[in-house]
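Colleague: In the numbering used here, the protein residues as written are 26 to 581. One structure coming up, written as structure tokens, with questions to follow.
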Amino acid sequence: MPNGAERLLETLDAHGVEYVFGVCGDTSVGFYRAFERTDADIEHVLARDERSASYMADAYARFSGKPGVTEGPSGGGATYLLPGLAEADDSCVPVVGLNTTVPVAYRNRGVLTELDQASLLDGVTKWNASVDHPEAIPRMVRRAFQEATSGRPGATHLSLPMDVLDGVCDSDAYANPDAIRYPAYRSLPDDDRIDRAAEVIEGSERPLIVAGGGVHSSRAWEELRAFAEQVGVPVAQTLSSVGCVGDSPYSIGVVGENGSRAYANEMLAEADTLLLFGTAVESVWTEKWSRPADGEKRIVHADVHAESIGKNYRTEVALPGDLRAILDRLLDAVGPDEKWDADAIAARHAEWVAPYEERFDADEFPLRPERLVAGANEVFNDDAIIVSDPGTTVPYFASLYEFVPPGRHWVTPRAHGALGYGIPGVVGAHYARPESQVIGLTGDGGAGMSLGELETLGRLDVPVTIIVVNNGSFSWIEAGQRNYDDFSFAVDFDGVDYAGVAEEMGVSGHRVRNADEYEEILAEAVEHDGPSLVDLPTKPLPETEDVPVDWLEPDE
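Structural data, given as structure tokens:
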């Protein structure tokens with residue numbers, strides 16, 4: 026008779042799980058024994074710490090359209106898994122976290138690594154539970170997948186005691202077929218709401234779409250682009266939806282405080298109606314809810330998470346439901362129009378980008394960020410996917426990188442600004458889309474938090490490229506300090522030979538020593554048949570100008 030651990034793996038297999046990203050530990054011995062023996066078609070991907078494993082699962086879920094699965098042992102394993110689950114849950118990414126833990130029989134007796142995992146993770150997950158009987162394992166796994174993929178996607182978690190995993194389990198290991206991918210279900214608002222939204226859109230002179238991360242969760246890229254082009258409505262994006270409509274003539278890039286294009290912010294101000302599609306209306310793109318101010322514009326808000334609608338702005342028409350399904354209906358309900366002139370949008374873009382283009386071939390060294398992006402546009406494939414740590418690369422890539430096909434080609438952790446995401450994230454991205462060119466962007470600050478995963482890249486021999494923006498500091502924070510009160514404190518560190526470190530860990534290391542060789546070295550690294558790293562000395566943000574980001578002011 027199978028034990029609980031074997032039934033666990035059989036149930037994961039039934040849900041189409043291909044990879045489990047995790048780290049071994051004392052309480053995982055029985056689970057790993059079952060893993061070693063199982064006939065399930067699941068590959069275990071060993072990371073160097075649980076946080077990195079959870080970031081791998083997060084990136085896998087974002088790019089694959091399937092829930093990511095991550096695991097770790099008790100005690101420190103649970104505390105290390107927490108950052109990734111928090112990021113996934115607040116970013117509406119379906120990640121199923123599994124923590125083995127001490128036996129039920131040992132609870133409250135002071136056994137090593139005992140921790141109330143369910144309580145610890147309750148505040149950072151959509152749903153979590155402790156599984157205290159072997160017979161409950163398949164049912165609770167199904168529940169975890171159901172919760173992760175239904176409605177607003179999010180992170181779920183199961184705590185699995187050692188003796189429960191060792192116990193006999195004859196419950197059937199089957200899956201809920203709807204929860205294998207996300208969204209599990211596509212809900213629609215009432216017809217009268219669609220009709221009212223169509224009336225508002227058709228009656229508006231200057232409607233403008235703000236597309237959030239829900240566009241990706243819903244896989245609504247083609248529908249959004251088709252709607253924008255049918256009606257002639259510009260699509261502004263958030264950092265969570267960058268590039269979602271590709272090179273559509275109605276794409277105006279990012280709005281708000283970080284990575285925005287000035288003309289996109291101007292157009293948002295000129296709009297009389299905002300169509301908020303798949304966005305929670307957070308603080309960055311609204312510049313802390315000041316642009317627009319509440320009541321300043323008519324609002325039509327479509328979101329699968331009904332609780333987000335009307336939370337920060339008075340809303341004229343609420344469309345609770347799946348965005349792709351809603352856009353399908355709006356395409357039928359709203360007739361062809363040209364609310365904004367595409368040629369005029371192109372002219373605005375050309376005027377805005379001209380000063381940046383002058384620096385695309387700048388020979389300054391350390392390299393200017395504009396040259397960094399221009400080289401990437403030249404070298405990367407049109408359908409390359411980019412996994413970025415938050416920091417120096419974000420405002421420049423978000424505003425200047427040329428996304429061509431619609432879809433998800435960019436990920437950066439926006440919920441909590443999780444440094445250390447970029448290097449492990451490329452592992453999950455590669456396994457999600459093995460046919461794609463995968464690039465990881467990180468600063469030397471973020472790299473220092475996940476250097477151990479270079480060994481993972483070398484061991485797995487995955488064909489990915491890491492670019493380390495090496496400026497000897499937490500440059501983003503230093504720029505914020507200088508903007509705050511022109512000071513710099515506790516942000517600098519000694520330089521590291523990241524290319525040399527990469528070589529020692531089985532990754533092909535490349536160091537750029539002058540601007541002239543940048544594109545050639547980048548192309549060599551990207552074309553390498555295996556993992557590679559480019560150590561790229563780059564100007565820190567305080568030494569650049571026209572950074573497309575507004576910094577927090579002291580009185581805010």
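All C-beta atoms, glycine included, are put in the ideal place defined by N, C-alpha and C. On a predicted model such as this, the values are computed, not experimentally measured, just so you know.
Thinking just about the alpha-carbon of each residue, which of Gly47, Ala209 and Pro431 is nearest to the one in Asp74?
Modeller: Nearest neighbour of Asp74 by Cα position, chosen from Gly47, Ala209 and Pro431, turns out to be Gly47.
Colleague: Going by DSSP, what residues sit across from Gly465 in a beta bridge?
Modeller: Val412 and Ile491
Colleague: Which term fits Trp365, buried or exposed, when burial requires 16 or more other beta carbons within 10 angstroms of its beta carbon?
Modeller: So Trp365 counts as buried.
Colleague: Identify whether Ser308 lies in helix, strand or coil by the three-state DSSP scheme.
Modeller: In the three-state reduction of the DSSP assignment, Ser308 falls in the coil class, being assigned neither a helical nor a strand state.
Colleague: What residue does the beta strand (DSSP E) around Glu68 start on, and which one ends it?
Modeller: Glu68 to Leu71 is the extent of the beta strand (DSSP E) around Glu68.
Colleague: Write down every uninterrupted run of the alpha helix (DSSP H) in the stretch 76 to 164 whose length is 4 residues or greater and which is fully enclosed by it, in chain order.
Modeller: 101 to 115 and 142 to 147
Colleague: Applying the criterion that 16 or more other CB atoms from any shown protein chain within 10 Å of the CB defines a buried residue, is Arg134 buried or exposed?
Modeller: exposed
Colleague: Would you check if the stretch 384 to 399 and the stretch 432 to 452 touch, i.e. whether three or more CB-CB distances between them fall below 8 Å?
Modeller: no
Colleague: Leaving out five residues on either side along the sequence, give the residues of the same chain with a beta carbon under 6 Å from the beta carbon of Ala399.
Modeller: Phe385
Colleague: At the level of alpha carbons, what is the spacing between Ser89 and Leu561?
Modeller: 30 Å
Colleague: Indicate the three-state DSSP secondary structure (helix, strand or coil) for Ala296 in the structure shown.
Modeller: DSSP places Ala296 in coil when its eight states are reduced to three.
Colleague: Does the stretch 299 to 315 touch the stretch 231 to 250, meaning 3 or more C-beta pairs lie closer than 8 Å?
Modeller: yes
Colleague: Any beta carbon from chain B within less than 8 Å of Ser155's own beta carbon?
Modeller: The structure shown contains no chain B; it holds only a single protein chain.
Colleague: Apart from the five residues on each side of it in sequence, which residues of its chain come closer than 6 Å, Cβ to Cβ, to Gln506?
Modeller: Phe512 and Ser513
Colleague: May I have a chain-ordered list of the beta strand (DSSP E) segments no shorter than 3 residues that lie completely inside the stretch 298 to 369?
Modeller: 298 to 302, 323 to 328 and 342 to 345
Colleague: So, Val94 versus Leu123, is the Cβ gap smaller than 8 Å?
Modeller: yes
Colleague: In the structure shown, what three-state DSSP assignment does Ala443 receive?
Modeller: Ala443 falls in the coil class under three-state DSSP.
Colleague: Counting pairs of beta carbons, one from the stretch 204 to 212 and one from the stretch 140 to 160, are three or more of them closer than 8 Å?
Modeller: no
Colleague: Expressed to the nearest angstrom, what Euclidean distance is found between the alpha-carbon atoms of Asp580 and Ser424?
Modeller: In this predicted model, Asp580 has a pLDDT of only 44, less than 50, meaning its place in the structure is not dependable; the value taken from the coordinates is given anyway. For Asp580 and Ser424, the distance between alpha carbons rounds to 27 Å.
Colleague: Short of 6 Å in beta carbon distance, which residues of its chain neighbour Leu577, apart from the five on each side in sequence? Order them along the chain.
Modeller: Model confidence at Leu577 stands at a pLDDT of 46, short of 50, so the residue's coordinates are unreliable; what they give is reported in the following sentence. Closer than 6 Å at Cβ, skipping near neighbours: no residue.
Colleague: Report the residue ranges of all beta strand (DSSP E) runs contained in full by the stretch 226 to 294; include only those spanning at least 3 residues, in chain order.
Modeller: 232 to 236, 260 to 262 and 276 to 279
Colleague: Mapping DSSP to helix, strand and coil, what is Thr63?
Modeller: coil
Colleague: Name the DSSP beta bridge partners of Thr181, please?
Modeller: Val121 and Trp152
Colleague: Indicate the three-state DSSP secondary structure (helix, strand or coil) for Thr174 in the structure shown.
Modeller: helix
Colleague: Using CA coordinates, which residue listed in Glu96, Val516, Glu544 and Ile219 is at the minimum distance from Ser53?
Modeller: When Glu96, Val516, Glu544 and Ile219 are compared, the shortest CA-CA separation from Ser53 is found for Glu96.
Colleague: Taking just the CA atoms, how far does Ser79 sit from Leu110?
Modeller: 7 Å
Colleague: Where does Arg339 land, buried or exposed, given buried means 16+ other C-beta within 10 angstroms?
Modeller: exposed
Colleague: According to DSSP, is Asp522 part of a helix, a strand, or is it coil?
Modeller: coil
Colleague: Quick one: residues in its chain with C-beta nearer than 7 Å to the C-beta of Ala524, no 5 flanking neighbours on either side, listed in chain order?
Modeller: Excluding positions up to five away in sequence, the list reads Gly534, His535, Arg536, Leu558 and Asp560.
Colleague: Can you give the Cα-Cα distance for Ser273 and Arg250, rounded to whole angstroms?
Modeller: 7 Å
Colleague: Tell me which same chain residues have a C-beta within less than 8 Å of the C-beta of Ala200, skipping the five on either side of it?
Modeller: Thr36, Ala39, His40, Gly41, Arg167 and Phe170
Colleague: Going by beta carbon distance, what residues of the same chain come within less than 6 Å of Val516, once the five residues before and after it are set aside?
Modeller: Ser498, Phe499, Ile502 and Glu503
Colleague: Which one of Leu566, Asp522, Pro567 and Ile492 has the shortest CA to CA distance from Glu549?
Modeller: Among Leu566, Asp522, Pro567 and Ile492, the Cα nearest to that of Glu549 is on Ile492.
Colleague: Checking 8 Å against the spacing of the C-beta atoms, do Asp362 and Gly257 come in under that value?
Modeller: Cβ distance < 8 Å, so Asp362 and Gly257 count as in contact.
Colleague: How about the stretch 404 to 421 and the stretch 457 to 469: do they share at least three Cβ pairs that are nearer than 8 Å?
Modeller: Segments in contact, yes.
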